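Participant: Per the working numbering, the sequence shown starts with residue 328, numbered consecutively. My questions will all concern the structure given below.
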Amino acid sequence: MIEKGHDESKENGTRLTNEEVRRYSRHLILPEVGVEGQRRLKGASVLIVGTGGLGSPVSIYLAAAGVGRIGLVDFDVVDTSNLQRQILYSEEDVGRSKVQAAREKLLAMNPHIEIDIYEQRLSSSNALTVLKEYDVIVDGTDNFPTRYLVNDACVLLGKPYVYGSILRFDGQASVFYPGKGPCYRCLFPEPPPPGTVPSCAEAGVLGILPGVIGVIQATEAIKLILGKGEALIGRLLLFDALKMEFSEVKLHRDPKCPVCGENPTVKELIDYEIFCGLTPEEHLEPSWEIEPEELKRMMNNGDRVTVIDVRESQERQISKITGSVSIPLNKIKEKVNELSRSDLIVLQCRTGIRSAKALKILRDAGFNNLKNLKGGINAWADQVDPKMPKY
């Protein structure tokens, strides 16, 4: 149960109206919820960091359940590629602020709740201020810097952190509750080296998967508020959609954890971009990039250019630059000796991120005549071939 001081005035303010009694009637007849439990939900507050694949089902079910105050943090806008899994949005929302569209949809679903929106990137400078106002923090993010940021902020504030993660066909969930079990850093003391774990944009994700994990996160948040059941504290729940199989790993608190251990060294929020190795040096200088129109001009002129597509084979079935050579990113090192050092080599992927990694691999191998296609094949579609599909 979420630990709070007794506030009689707040308790009186969470009395259920006749309309709410009708709305939540299936909750009220559950002995584990009842009127008292529903009032707890109405008086509770949950912050959802990220309103994408995970944040969509989490927010929908928490709103429907009657959580009285829901905060939404996201600085992004709705893109067509989101609609495959981010069920909170529709075609008419493309281009709109996610949190503004989400607030509109959730209030239409349940006008008896409050929705706070934070149209900003969560950072070390604002995280403590934002998180301290809520009882439970739910993680709907997709990057390591924000996960470590949310974890550390929750430990410093003593807030329960409902964790979820998805990729391809696999998902995982847990609850990190300061003083009651391990934290995220106990599970992952150090972030993986940059580029070793692909994002959903790079590797893909089954559209249904965030629904499964998001519903589990919403369930855990409600259980924490009600103080019922056994929370996923000290347990990592793993889900394999291809096998339709759940498994569980026991987690233990690390007494040497720099955040929640016996002698913590992290007593304030740090720069999580640097902590995760995402320093400015990771980005390519403009001199290593080539615009799509310039590459097209060189190819038309018959210049000695080799375009290497570092995407996976299934991506080339969607779109490809005529004449490009397929060498997936994980095969680049194996193919170094097969590449010409005299020709200009242009690396290309979907948006330019993976190809930038490939360029660095070849540069470290002694290649100098290299360029990265700025914006990837999506930019090529925008600037050179408008008929080419984007994804």
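Even glycine gets a Cβ: it sits at the ideal position worked out from N, Cα and C. Just so you know, these numbers come straight off a predicted model, no measurement behind them.
With a threshold of 8 Å, are at least 3 pairs of Cβ atoms found where one atom belongs to the stretch 684-695 and the other to the stretch 533-545?
Facilitator: no
Participant: Excluding the 5 residues flanking C584 on each side, which residues of the same chain have their C-beta closer than 6 Å to its C-beta?
Facilitator: By 1-based counting over the sequence shown, the position of residue 584 is 257. So the qualifying residues of the chain are R512 and C513.
Participant: For H354, does the count of other Cβ atoms within 10 angstroms reach 16, so buried, or fall short, so exposed?
Facilitator: As a working mapping, residue 354 is identified with position 27 in the sequence shown. By the 10 Å Cβ count, H354 comes out buried.
Participant: Taking DSSP as the reference, what is the three-state secondary structure of E618?
Facilitator: Position 291 of the sequence shown, counted from the first residue, corresponds to residue 618. E618 falls in the coil class under three-state DSSP.
Participant: Using the C-alpha atoms, what's the distance from C481 back to L410?
Facilitator: Walking along the sequence shown from the start, residue 410 turns up at place 83. Walking along the sequence shown from the start, residue 481 turns up at place 154. Cα to Cα, L410 sits roughly 30 Å from C481.
Participant: Specify, as a first and last residue, the run of the beta strand (DSSP E) that Q644 falls within.
Facilitator: If you number the sequence shown from 1, residue 644 lands on position 317. That residue, Q644, is in no beta strand (DSSP E); it is neither H nor E in DSSP.
Participant: In its own chain, which residues sit with a C-beta less than 6 Å from the C-beta of E589, not counting the 5 before and 5 after it?
Facilitator: Your numbering for residue 589 matches position 262 in the sequence shown. P582.
Participant: Once DSSP output is grouped into helix, strand and coil, what is the label at N705?
Facilitator: Residue mapping note: residue 705 aligns to position 378 of the sequence shown, counting from 1. Correct three-state label for N705: helix.
Participant: Taking 8 Å as the threshold, find out whether the stretch 418-433 comes into contact with the stretch 444-459 through three or more Cβ pairs.
Facilitator: yes
Participant: Where does S682 sit, in a helix, a strand or coil, going by DSSP?
Facilitator: Your numbering for residue 682 matches position 355 in the sequence shown. In this structure, DSSP gives S682 a helical state, which the three-state scheme calls helix.
Participant: Please state if the CB of V711 and the CB of P613 are separated by a distance shorter than 8 Å.
Facilitator: Counting from 1 along the sequence shown, the entry for residue 613 is found at position 286. Counting from 1 along the sequence shown, the entry for residue 711 is found at position 384. Contact flag unset, no.
Participant: Can at least three beta-carbon pairs, one atom from the stretch 653-667 and one from the stretch 493-503, be found at a separation below 8 Å?
Facilitator: With the cut-off at 8 Å, the stretch 653-667 and the stretch 493-503 do not touch.
Participant: Should C598 be labelled buried (16 or more other beta-carbon atoms within 10 Å of its own) or exposed?
Facilitator: Counting from 1 along the sequence shown, the entry for residue 598 is found at position 271. Just to set this straight, residue 598 is Asp in the shown sequence, not Cys. Around the beta carbon of D598, fewer than 16 other beta carbons lie within 10 angstroms, which makes this residue exposed.
Participant: Can you name, in chain order, every residue of its own chain whose Cβ lies under 7 Å from the Cβ of R367, other than the five neighbours on each side?
Facilitator: For the purposes of this step, residue 367 is identified with residue 40 of the sequence shown, where counting begins at 1. Here the set comprises I552 and L553.
Participant: Exposed or buried, what is V348 when buried is set at 16 or more other beta-carbons lying within 10 Å of its beta-carbon?
Facilitator: Residue mapping note: residue 348 aligns to position 21 of the sequence shown, counting from 1. Per the 10 Å Cβ criterion, exposed.
Participant: If the criterion is Cβ atoms closer than 8 Å, does the pair A545 and V400 meet it?
Facilitator: Taking the first residue of the sequence shown as position 1, residue 545 is located at position 218. Taking the first residue of the sequence shown as position 1, residue 400 is located at position 73. Going by C-beta atoms, A545 is not nearer than 8 Å to V400.
Participant: Between A390 and E642, what straight-line distance do the alpha-carbon atoms span, to the nearest angstrom?
Facilitator: Sequence index remark: in the sequence shown, residue 390 carries index 63 (1-based). Sequence index remark: in the sequence shown, residue 642 carries index 315 (1-based). In a straight line, the C-alpha of A390 is about 37 Å away from that of E642.
Participant: Quick one: give me the first and last residue of the alpha helix (DSSP H) that N699 is part of.
Facilitator: Walking along the sequence shown from the start, residue 699 turns up at place 372. DSSP places N699 outside any alpha helix (DSSP H); the residue lies instead in the beta strand (DSSP E), whose first and last residues are L697 to L700.
Participant: Would you list the one or two residues that DSSP bridges to V502?
Facilitator: Mapped onto the sequence shown, residue 502 falls at position 175. DSSP lists V489 and I560 as partners of V502.
Participant: Going by DSSP in three states, L611 sits in which element: helix, strand or coil?
Facilitator: In the sequence shown, counting from the first residue as 1, residue 611 sits at position 284. Coil, per DSSP.
Participant: Looking at G485 and R580, is the spacing between their C-beta atoms short of 8 Å?
Facilitator: Here residue 580 corresponds to residue number 253 of the sequence shown, with the count starting at 1. Here residue 485 corresponds to residue number 158 of the sequence shown, with the count starting at 1. Cβ atoms of R580 and G485: not closer than 8 Å.
Participant: In the DSSP assignment, what are the bridge partners of T633?
Facilitator: Taking the sequence shown and counting its residues from 1, one reaches residue 633 at position 306. Answer is I672.
Participant: So if DSSP puts E441 in a beta bridge, which residue, or which two residues, is it bridged to?
Facilitator: Along the sequence shown, one-based indexing puts residue 441 at 114. DSSP lists R396 as partners of E441.
Participant: Ordered along the chain, which non-local residues of its own chain (more than five positions away) have a Cβ less than 6 Å from that of G561?
Facilitator: What you label residue 561 is simply residue 234 of the sequence shown in a count that begins at 1. Counting only Cβ-Cβ distances below 6 Å, and skipping sequence neighbours, we find G508 and L578.
Participant: Taking the alpha-carbon positions, what's the T407 to Q413 distance?
Facilitator: Walking along the sequence shown from the start, residue 407 turns up at place 80. Walking along the sequence shown from the start, residue 413 turns up at place 86. Going from the Cα of T407 to the Cα of Q413 covers about 10 Å.
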